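Below: the structure, in structure tokens.
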Amino acid sequence: MILPFIIFIYALGGIACLVFPKEKSSVIARVTAGILLIIGFATLPSFMKNELPMAFDFSAPWISALGSGIHFGTDGISYPLILLTLFLGFVSALLPYPHNEPAENARFYWALILWLLSAVVGVFASLDLLLFYIFWEIVLILMFFLIALYGGENRKYASMKFLIYTQFASLVMLLGIIALYLGSGGFTFDIMTLRTLEFSQSLAFWVVAALLFSFFVKIPAVPFHTWLPDAHVEAPTAGSVLLAGLLLKMGAYGILRIPFTIFPDALYAIAVPLGIFAFVSILYGAFVSLAQDNLKRMIAYSSVNHMGYVLLGIATLSPMGIHGAVYEMVAHGFGAGLLFATAGFIHDKYKTFSIPELRGLMKSVPVVSWFFIIGALAAMGLPTMAGFIAEFTIFVAAFQVYHAWILLPLVAVVVTAGYFIWTVQRSMWGDGGSSDISEPKRVLYWTPYILLTLGLFVLGLVPSLLFSILDTGMFIFR
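Numbering (this note's numbering), first residue to last: 1158 to 1635.
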């Protein structure tokens, strides 16, 4: 019952934000997210004792005539992402309400945050394809409203571009799900049942193609990535944290949960094309980041680069590669969350994302500058931080499959270090800064930044914490 409970409480908290006075809405969001974070991590001992393919399995009848039911469960692949959702949900609730928006709109903002978290948990926990698709759609619609109503100056353009790209991809996913349902004889949407059935090679090819296209748009893999920079630049700070930290992970998770679980042989047949998409995304994201003058756009393209590593881990189709891919998803959630949180703070103070205009930040806002540097070091894969463990695992797994070709993404590691060092050099030091701009003195204000930093170092120094969870999720190889 724990999974539907979390989904329900998030949704109920969102409703409470609308019902109570606007002054209470942020408190409701933070209390709701904080309580669920504690509850979520309290389930860890029970999860580790589980010996079934899925922990916290919950089933209830829903649309029996179509063979669809409410079915939730979690394994070593989805459980870390659910915990990441709870963690980033609490972080996003601690971040301030957008300064450019009137206070009377705060209730709906906090409601959107909680509803979005509810739907993301639904995506990661659903074991019924129809239920998975419904939660997927809810996530996209809520993020559209978050950008359209609370974003920057070009939010209408960015939100519509986001909606068009993701909704078209979702339509293709729906066609694939319908084809899979009909191919099963039209009696079930249950993923755990579908993985035991036999399907024709032609059906498997077209279903996998449809699903991969949809998930590639969400990751996003090059060349389906162009919606992401605009969405990130215009999204409110908490929206960017959730977009990078959670929504991009939905695409990679979708590959593992549906095509990899139901059609493993079809994925093995296209392992090389998957690897090519990963190589291109890694290299393109790194080199384009190097050319950016907009701080938030640079971080957005770095997400394309890092999600390319996730795709590379998946493309190895090996337990080690999957371990590395999920580890990278969690590490990127912390690192990108910290970078976008600091970028949002800087924009609130300086009213610009232009890197050339942000010289001397270390003089006026030293605390947030150091947090940005920590996020940059994490993105560079510095040892002792989570990203190093993830990328090292992925590269070892990829070398066993792609051999000398692994030198291509290794070039991107150097480029990644280059564009972050250049960004830090241009924006943090040098002449500039303003004596009129200061930072909050309250330690509590910095709690979300501290939590994200702790996450990066804990998983970088004690990787067994996450690897022990991942080891329980390899039933897809059994």
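Think of the CB as a built atom: it goes at the ideal place given N, C-alpha and C, for glycine as much as any other residue. Just so we're clear, the structure is a prediction, and the values are computed from it rather than from any experiment.
Tell me the DSSP secondary structure of residue i in three-state form.
i: ILE1512; result: helix
i: GLY1342; result: coil
i: PRO1706; result: Since the displayed the chain opens at 1158 and closes at 1635, residue 1706 lies outside it and no answer follows.
i: ILE1234; result: coil
i: GLY1617; result: helix
i: PHE1373; result: helix
i: PHE1229; result: strand
i: ILE1298; result: helix
i: TRP1562; result: helix
i: ARG1583; result: helix
i: ALA1367; result: helix
i: ALA1547; result: helix
i: ALA1378; result: coil
i: VAL1474; result: The question names Val, but residue 1474 is Leu in the sequence shown. Here LEU1474 sits in coil by DSSP.
i: THR1610; result: helix
i: THR1604; result: helix
i: MET1158; result: coil
i: SER1595; result: coil
i: ALA1361; result: helix
i: ALA1173; result: helix
i: GLY1309; result: coil
i: THR1383; result: coil
i: ALA1388; result: helix
Have a look at residue i and residue j and give me their C-alpha separation to the nearest angstrom.
i: PHE1244; j: LEU1194; result: 6 Å
i: ALA1282; j: ALA1212; result: 10 Å
i: LYS1206; j: PHE1198; result: 14 Å
i: LEU1251; j: GLU1261; result: 19 Å
i: LEU1534; j: ILE1348; result: 39 Å
i: LEU1273; j: LEU1288; result: 15 Å
i: ALA1428; j: GLY1465; result: 14 Å
i: LEU1549; j: LEU1623; result: Contrary to the premise, residue 1549 reads as Phe rather than Leu in this sequence. One C-alpha to the other measures close to 15 Å.
i: GLY1494; j: GLY1342; result: 43 Å
i: ILE1531; j: TRP1603; result: 14 Å
i: ALA1426; j: ILE1415; result: 16 Å
i: HIS1650; j: ILE1376; result: In the structure displayed, the chain extends from 1158 to 1635; residue 1650 sits before or after that span and is not available.
i: TYR1254; j: PHE1344; result: 46 Å
i: ARG1599; j: GLU1294; result: 39 Å
i: ILE1334; j: TRP1363; result: 11 Å
i: THR1580; j: LEU1299; result: 32 Å
i: MET1455; j: GLN1324; result: 25 Å
i: ALA1435; j: PHE1417; result: 17 Å
i: ILE1234; j: HIS1489; result: 15 Å
i: LEU1608; j: MET1407; result: 23 Å
i: THR1610; j: VAL1525; result: 12 Å
i: ASP1422; j: ALA1361; result: 9 Å
i: PHE1515; j: PHE1292; result: It is worth fixing the name first, because residue 1515 is Leu in this sequence and not Phe. Those two C-alpha atoms are separated by around 40 Å.
i: GLY1191; j: SER1357; result: 47 Å
i: ILE1594; j: TRP1586; result: 16 Å
i: ARG1312; j: LEU1496; result: 20 Å
i: LEU1424; j: HIS1256; result: 46 Å
i: PRO1259; j: TYR1338; result: 47 Å
i: SER1511; j: MET1519; result: 16 Å
i: MET1158; j: HIS1480; result: 27 Å
i: TRP1527; j: SER1446; result: 21 Å
i: ILE1227; j: ALA1561; result: 46 Å
i: GLY1432; j: SER1460; result: 18 Å
What is the C-beta distance between residue i and residue j, in whole angstroms, given that I count them as a contact (C-beta under 8 Å)?
i: ILE1503; j: VAL1522; result: 7 Å
i: VAL1248; j: TYR1322; result: 26 Å between Cβ atoms; not a contact.
i: ILE1412; j: LEU1351; result: Incorrect: roughly 15 Å between the Cβ atoms, too far for contact.
i: PHE1491; j: MET1537; result: The pair is not a contact, with the Cβ atoms about 14 Å apart (cut-off 8 Å).
i: TYR1458; j: PRO1386; result: 6 Å
i: VAL1278; j: ILE1164; result: 5 Å
i: LEU1284; j: GLY1230; result: 5 Å
How about residue i: is its Cβ closer than 7 Å to a heavy atom in the ligand FAD?
i: PHE1165; result: The ligand content of the structure shown is nil, which means the ligand FAD is not present either.
Mind listing, in chain order, the continuous alpha helix (DSSP H) runs of no fewer than 4 residues lying wholly within the segment 1395-1461?
1405-1414, 1416-1419, 1421-1426, 1428-1447
Kindly confirm or deny that the segment 1212-1224 and the segment 1294-1307 touch, where touching means at least three C-beta pairs closer than 8 Å.
no
Using 8 Å as the cut-off, can you tell me whether the segment 1172-1179 makes contact with the segment 1260-1277, which would need three or more C-beta pairs spanning the two stretches below that distance?
yes
Examine the Cβ distances between the segment 1234-1249 and the segment 1402-1414 and report whether three or more of them are shorter than 8 Å.
yes
Taking only runs that begin and end inside the segment 1252-1295, name each unbroken alpha helix (DSSP H) of 4 or more residues, in chain order.
1263-1282
Taking contact to mean 3 or more Cβ pairs, one atom from each stretch, closer than 8 Å, check whether the segment 1532-1548 and the segment 1598-1618 are in contact.
yes
Please go through the segment 1181-1224 and give each complete beta strand (DSSP E) segment of 3 or more residues, from N-terminal end onward.
1212-1220
Inspect the CB distances between the segment 1437-1449 and the segment 1473-1485 and report whether three or more fall short of 8 Å.
no
Report yes or no: do the segment 1354-1374 and the segment 1326-1344 share at least 3 C-beta pairs separated by less than 8 Å?
yes
If you scan the segment 1511-1542 from start to end, which runs of the alpha helix (DSSP H) of 4 or more residues do you find wholly inside it?
1518-1521, 1523-1536
Residue ranges of each alpha helix (DSSP H) within the segment 1311-1356, 4 or longer
1312-1340, 1348-1351
Segment contact, 8 Å Cβ cut-off, at least three pairs: the segment 1557-1571 with the segment 1500-1517:
no
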